[in-house]
Amino acid sequence: KNQVEQSPQSLIILEGKNCTLQCNYTVSPFSNLRWYKQDTGRGPVSLTIMTFSENTKSNGRYTATLDADTKQSSLHITASQLSDSASYICVVDSGYSTLTFGKGTMLLVSP
Amino acid sequence: NAGVTQTPKFRILKIGQSMTLQCTQDMNHNYMYWYRQDPGMGLKLIYYSVGAGITDKGEVPNGYNVSRSTTEDFPLRLELAAPSQTSVYFCASSYLARGQGTEPSYEQYFGPGTRLTVT
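Residue numbers (our numbering), protein chains in the order written: chain E, 1 to 111; chain V, 112 to 230.
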């Protein structure tokens, strides 16, 4: 069964600090891996999309890494801001009709 | 561009009632999707459409119906609402199908969601 597991489930950090969110997947075949940011009460917004051949991809203060051999990805947030408080969702696309979504990591950035 | 819009934002239904969740996109995307998000769970695909007049079931289609008469609109119909359908519903659209590339237009753009409670 295709699965995407994210850790930690939730995280609290101080404003200005860095953090790393983890994603392990058992989806096959693999087409690409995406990270989304979902603010409370809003729809998910795409941060990055990475294919099999991409090891790292940045979007401002967000940097995603992918190790397709170990089926692991991480999302690193640098110099966190209060506006980074949100749920971060890892999604794996097998190239067929279904995306597999993780449950998300809830990040709270505290002043 | 308004992007993907959904109405209503909130709705409370009684068991057995019916309703239609509206979704409209103004980006001329050919692909559209309906997801549900239950508390503490990942999004699940209900139905999707690859273009006007073409729809297909996703992972959790039971209790729902869709239609796609135009490129812009993709309404989701709930017949005989049940408490198990209490959820947040998201509509999304993309220009290319999943698995066909990683260009920016390949991204799925999500609407703001409809929070539905069935009691």
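Ideal placement from N, C-alpha and C gives every residue a C-beta, glycine not left out. All values reported here derive from a predicted model rather than from experimental measurement.
Review point. Thinking C-beta only, is residue 91 of chain E closer than 8 Å to residue 34 of chain E?
Key: In this structure, residue 91 of chain E lies closer than 8 Å to residue 34 of chain E by Cβ.
**Study point:** Whole-angstrom distance between residue 76 of chain E and residue 54 of chain E, CA atom to CA atom
**Key:** Those two C-alpha atoms are separated by around 16 Å.
Check your understanding: According to the neighbour-count rule (16 or more other Cβ atoms, all chains shown, within 10 Å of its Cβ), is residue 173 of chain V buried or exposed?
Key -> exposed
Check your understanding: Rounded to a whole number of angstroms, what is the C-alpha to C-alpha distance between residue 40 of chain E and residue 113 of chain V?
Key -> 20 Å
Review point. Using a Cβ-Cβ distance under 8 Å, would residue 218 of chain V count as near chain E?
Key: yes
Review point. Should the region 149-167 of chain V be regarded as contacting the region 129-137 of chain V, the criterion being three or more beta carbon pairs within less than 8 Å?
Key: no
Check your understanding: Hey, residue 86 of chain E and residue 73 of chain E are a contact pair by Cβ (cut 8 Å); roughly how many whole angstroms apart?
Key -> Wrong, their Cβ atoms sit about 18 Å apart, outside the cutoff.
Point to revise | Start-to-end residues for the beta strand (DSSP E) that takes in residue 162 of chain V | key: 155-162
Review point. Does DSSP put residue 196 of chain V in a helix, in a strand, or in coil?
Key: helix
Exercise for review: Flag this pair as yes or no: are the beta carbons of residue 203 of chain V and residue 158 of chain V separated by less than 8 Å?
Suggested key: no
Exercise for review: For residue 119 of chain V, return the contacting residues in chain A, with the cut-off set at a CB-CB distance below 7 Å.
Suggested key: No chain A appears in this structure, whose protein chains are E and V.
Check your understanding: chain E beta carbons: is any one of them nearer than 8 Å to that of residue 143 of chain V?
Key -> The Cβ of residue 143 of chain V sits no closer than 8 Å to any Cβ of chain E.
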